[in-house]
Amino acid sequence: MAADAAAAAMSATSLCDDLEPATVRTRIRDVLAAGAARAGDRVVVGGWVRTGREQGKGSFAFLELSDGSCAATLQAIVDAAVHPLARLTATGTSVLVEGVIKEPPEGTKQNVELKVSRVLEVGEVDAAVYPLPKGKVKLTLEKLRDVVHLRSRTNTIGAVARIRHQLAYASHRFFDENGFLYVHTPIITTSDCEGAGEMFQVTTLFSQAEKTEKELRENPKPSDSEIEAAKVLVKEKGDVVAQLKAAKASKQEISTAVDELNRAKEIVSKLEERFKLKPGIPRKDDGSIAFENDFFKRQAFLTVSGQLQVETYACALSSVYTFGPTFRAENSHTSRHLAEFWMVEPEIAFANLQDDMNCAEKYVQYLCKWLLDHCQEDMEFMVKNYDKSAIERLELVSSTPFVRISYTKAVELLKNVTDKKFDNKVEWGIDLASEHERYLTEDIFKKPVIVYNYPKGIKAFYMRLNDDDKTVAAMDVLVPKVGELIGGSQREERLDVLKQRILDAGLPLEPYEWYLDLRRFGSVKHSGFGLGFERMILFATGMENIRDVIPFPRYPGRADL
1 MAADAAAAAM SATSLCDDLE PATVRTRIRD VLAAGAARAG DRVVVGGWVR
51 TGREQGKGSF AFLELSDGSC AATLQAIVDA AVHPLARLTA TGTSVLVEGV
101 IKEPPEGTKQ NVELKVSRVL EVGEVDAAVY PLPKGKVKLT LEKLRDVVHL
151 RSRTNTIGAV ARIRHQLAYA SHRFFDENGF LYVHTPIITT SDCEGAGEMF
201 QVTTLFSQAE KTEKELRENP KPSDSEIEAA KVLVKEKGDV VAQLKAAKAS
251 KQEISTAVDE LNRAKEIVSK LEERFKLKPG IPRKDDGSIA FENDFFKRQA
301 FLTVSGQLQV ETYACALSSV YTFGPTFRAE NSHTSRHLAE FWMVEPEIAF
351 ANLQDDMNCA EKYVQYLCKW LLDHCQEDME FMVKNYDKSA IERLELVSST
401 PFVRISYTKA VELLKNVTDK KFDNKVEWGI DLASEHERYL TEDIFKKPVI
451 VYNYPKGIKA FYMRLNDDDK TVAAMDVLVP KVGELIGGSQ REERLDVLKQ
501 RILDAGLPLE PYEWYLDLRR FGSVKHSGFG LGFERMILFA TGMENIRDVI
551 PFPRYPGRAD L
């Protein structure tokens with residue numbers, strides 16, 4: 001009601017009399033939350049028809065309306081005298097209606113309903129071609145990916161969207177409450193954070209090549225004789241200027257002749273420029289691509305992580321984080337991989353690996369508690385339809401201290417497992433597979449686990465080398481359902497060690513000189529981690545495929561919209 005009053009006040013104070021009045025719309029969530037307390041109130045409600053049916057031999061219709069503000073729908077009753085019912089009942093129809101909130105007859109499942117007195121707006125749907133089925137008929141989640149522009153109208157994707165929003169909001173709240181600053185790191189980068197090389201390249205060379213080829217087709221490059229003739233004309237014009245000056249001609253005559261000479265020189269310059277045009281991607285003498293002709297004058301990529309860049313702010317502002325899209329050109333078709341995904345990456349100065357683990361544990365627990373407190377309805381929908389243990393899992397993680405074990409100890413435990421045969425052999429030095437991670441957290445400990453001190457050979461160059469020269473100060477947070485949820489480390493703050501680690505990874509030093517500067521000038525012990533945001537949603541909801549927890553999934557072969 002406060003929201004209604006505020007909107008009305010804004011409308012009343014508007015000076016834009018030449019515009020259509022603002023819409024004072026009440027969210028369905030607010031109507032349902034107030035329940036019978038708002039009976040008798042007149043409201044304007046907008047939404048999309050989930051189901052509609054005519055009753056009483058066509059004298060009235062029931063419309064189940066959803067506006068996305070909550071999982072539940074509001075039942076609206078429209079008489080035939082108010083609006084032609086056939087235009088309202090098709091699934092997917094959008095309506096803006098005005099009516100009175102009423103208590104329904106006893107024995108019905110609704111706590112309130114809306115008796116419509118006016119239909120203000122209608123967006124009709126041709127039911128014969130509308131791709132989403134009506135009623136209780138459902139499309140599979142896989143089929144819904146083919147209509148990604150409409151799938152947010154379904155119960156499942158709507159619930160996921162609200163849960164995703166709350167997790168994003170909770171992330172910002174957590175870091176703000178703990179003194180972190182939000183830093184926007186670049187999407188376009190010239191550094192490979194992971195050193196894996198699976199990056200999308202950002203280039204204009206292809207479009208430039210297409211433009212050049214089109215230009216050459218429409219206007220072929222000049223011949224040697226054309227250029228020579230243009231140069232002869234320049235000489236002639238130059239001779240004229242010289243003769244006029246020698247004859248002490250008027251300023252006007254000399255100026256006109258100089259203008260003609262300059263135009264002739266400009267023509268030569270353009271002809272020579274066009275003569276140099278070559279079809280295809282520009283290359284150096286050795287055959288490699290000439291990236292100095294590209295937009296950024298060097299190779300550039302879509303980022304796989306904002307970590308390296310956000311470290312620059314951590315080394316000045318102490319506690320920072322970035323939250324944005326990242327990209328991986330990995331040709332993977334699994335249910336756990338996307339080409340575009342979101343990462344939450346905090347970075348903390350004056351912090352060691354223990355501090356890093358403490359922050360990660362506190363953050364994950366905060367997110368779980370937040371969902372329990374603010375997404376009960378949507379989480380109950382997930383329990384009913386997808387994962388009966390989803391709420392129990394959130395309760396477990398939000399209230400249970402995480403187990404912390406070394407990688408060496410984890411391998412030892414897994415090697416001693418006798419009740420399960422792993423697809424991937426367990427031995428020291430391997431990168432733990434999802435089946436290993438889930439066994440640790442679901443079967444051995446039955447709670448979240450943080451594994452730390454991994455072999456240096458399977459971790460990134462920026463992770464701090466331990467004194468044993470075999471492991472790095474890295475840590476992964478493992479949770480039931482998804483395995484690894486967070487990966488982090490203490491960063492290497494020693495200049496000489498970091499240089500060698502970059503070289504050992506087979507990477508050139510030049511692109512990382514700025515990163516090395518952070519160690520040259522006021523180096524500081526610091527740590528950080530990255531949480532895969534979509535993996536957090538998988539963990540929370542119990543959904544099986546990561547393509548269903550991001551609004552517009554990008555994966556090999558698909559980049560719709």
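Residue numbers for the sequence shown, in full-length UniProt numbering: 1 to 561.
We put the CB at the ideal spot given by N, CA and C, even for glycine.
Residues of its chain near residue i, where Cβ-Cβ distance is below 7 Å and the 5 sequence neighbours each way are ignored
{"i": "Val-258", "result": "Val-241"}
{"i": "Gly-58", "result": "Ala-80 and Leu-85"}
{"i": "Asn-466", "result": "Asn-453, Val-472 and Ala-473"}
{"i": "Met-382", "result": "Ala-159, Ala-390, Thr-541 and Gly-542"}
{"i": "Lys-388", "result": "none"}
{"i": "Tyr-512", "result": "Ser-191 and Ile-502"}
{"i": "Pro-131", "result": "Val-147 and Leu-150"}
{"i": "Asn-331", "result": "Pro-556"}
{"i": "Glu-260", "result": "Lys-237"}
{"i": "Cys-368", "result": "Leu-394, Val-397 and Ser-398"}
Beta-carbon gap between residue i and residue j smaller than 8 Å
{"i": "Tyr-182", "j": "His-333", "result": "no"}
{"i": "Ala-230", "j": "Ile-267", "result": "yes"}
{"i": "Val-160", "j": "Ile-537", "result": "yes"}
{"i": "residue 596", "j": "Phe-402", "result": "Past the boundaries of the shown model lies residue 596; the chain is included only from 1 to 561, so the question cannot be answered."}
{"i": "Leu-485", "j": "Arg-519", "result": "no"}
{"i": "residue 565", "j": "Thr-91", "result": "Residue numbering for the chain in the displayed model covers 1 to 561; residue 565 lies beyond these limits and cannot be assessed."}
{"i": "Lys-245", "j": "Ala-264", "result": "no"}
{"i": "Gln-376", "j": "Ser-398", "result": "no"}
{"i": "Ile-281", "j": "Ala-329", "result": "no"}
{"i": "Ile-163", "j": "Asp-378", "result": "yes"}
{"i": "Val-82", "j": "Val-116", "result": "yes"}
{"i": "Thr-156", "j": "Asn-385", "result": "yes"}
{"i": "Phe-200", "j": "Phe-327", "result": "yes"}
{"i": "Val-202", "j": "Ala-339", "result": "no"}
{"i": "residue 562", "j": "Thr-185", "result": "The chain is shown only over 1 to 561; residue 562 falls outside these bounds and no answer can be derived."}
Cβ-based burial, residue i [other Cβ within 10 Å; buried from 16]
{"i": "Thr-23", "result": "exposed"}
{"i": "Glu-412", "result": "exposed"}
{"i": "Tyr-169", "result": "exposed"}
{"i": "Gln-307", "result": "buried"}
{"i": "Trp-428", "result": "exposed"}
{"i": "Ala-410", "result": "buried"}
{"i": "Phe-552", "result": "exposed"}
{"i": "Gln-55", "result": "exposed"}
{"i": "Glu-177", "result": "exposed"}
{"i": "Trp-514", "result": "exposed"}
{"i": "Pro-220", "result": "exposed"}
{"i": "Lys-481", "result": "buried"}
{"i": "Gln-243", "result": "exposed"}
{"i": "Ile-458", "result": "exposed"}
{"i": "Val-232", "result": "exposed"}
Inter-residue CB distance, residue i and residue j (contact presumed, cutoff 8 Å)
{"i": "Arg-464", "j": "Glu-492", "result": "5 Å"}
{"i": "Thr-212", "j": "Pro-133", "result": "Going by Cβ atoms, the distance from Thr-212 to Pro-133 rounds to 50 Å, so no, they are not a contact pair."}
{"i": "Ala-360", "j": "Phe-539", "result": "Wrong, their Cβ atoms sit about 14 Å apart, outside the cutoff."}
{"i": "Arg-283", "j": "Ala-290", "result": "6 Å"}
{"i": "Glu-347", "j": "His-149", "result": "Not quite, the Cβ-Cβ distance comes to about 36 Å (not below 8 Å), so this is no contact."}
Extent of the continuous alpha helix (DSSP H) run through residue i
{"i": "Ile-537", "result": "533 to 541"}
{"i": "Ser-318", "result": "It is not in any alpha helix (DSSP H) - Ser-318 carries neither H nor E in the DSSP assignment."}
{"i": "residue 562", "result": "No information on residue 562 is available, as it lies outside the stretch 1 to 561 that the chain covers here."}
{"i": "Arg-438", "result": "434 to 438"}
{"i": "Arg-520", "result": "513 to 520"}
{"i": "Thr-408", "result": "407 to 415"}
{"i": "Gln-75", "result": "Counting along the chain, Gln-75 falls outside any alpha helix (DSSP H), though it belongs to the beta strand (DSSP E) covering 74 to 79."}
{"i": "Asp-30", "result": "28 to 34"}
{"i": "Asp-224", "result": "224 to 246"}
{"i": "Arg-53", "result": "Looking at the DSSP string, Arg-53 is not in any alpha helix (DSSP H); the run it does join, the beta strand (DSSP E), is 42 to 55."}
{"i": "Ile-254", "result": "251 to 275"}
{"i": "Phe-206", "result": "205 to 218"}
Endpoints, the beta strand (DSSP E) within which residue i is located
{"i": "Asn-155", "result": "Asn-155 -> not in any beta strand (DSSP E); alpha helix (DSSP H) instead, spanning 155 to 177."}
{"i": "Ser-94", "result": "94 to 102"}
{"i": "Leu-495", "result": "Looking at the DSSP string, Leu-495 is not in any beta strand (DSSP E); the run it does join, the alpha helix (DSSP H), is 495 to 504."}
{"i": "Asn-453", "result": "449 to 455"}
{"i": "Glu-340", "result": "340 to 349"}
Neighbourhood of residue i by C-beta, 8 Å cutoff - its chain only, sequence neighbours within 5 removed
{"i": "Gln-75", "result": "Phe-62, Leu-63, Glu-64, Leu-65, Pro-104, Gln-110, Glu-113 and Leu-114"}
{"i": "residue 562", "result": "Since the first residue of the chain shown is 1 and the last is 561, residue 562 is not available in this structure."}
{"i": "Gly-35", "result": "Asn-111 and Val-112"}
{"i": "Leu-32", "result": "Cys-70, Ala-72, Leu-74, Asn-111 and Val-112"}
{"i": "Lys-248", "result": "none"}
Close Cβ partners of residue i (< 6 Å) along its chain, the five nearest in sequence each way excluded
{"i": "Tyr-313", "result": "Val-183 and Val-320"}
{"i": "Lys-415", "result": "Val-426"}
{"i": "Phe-175", "result": "Tyr-321"}
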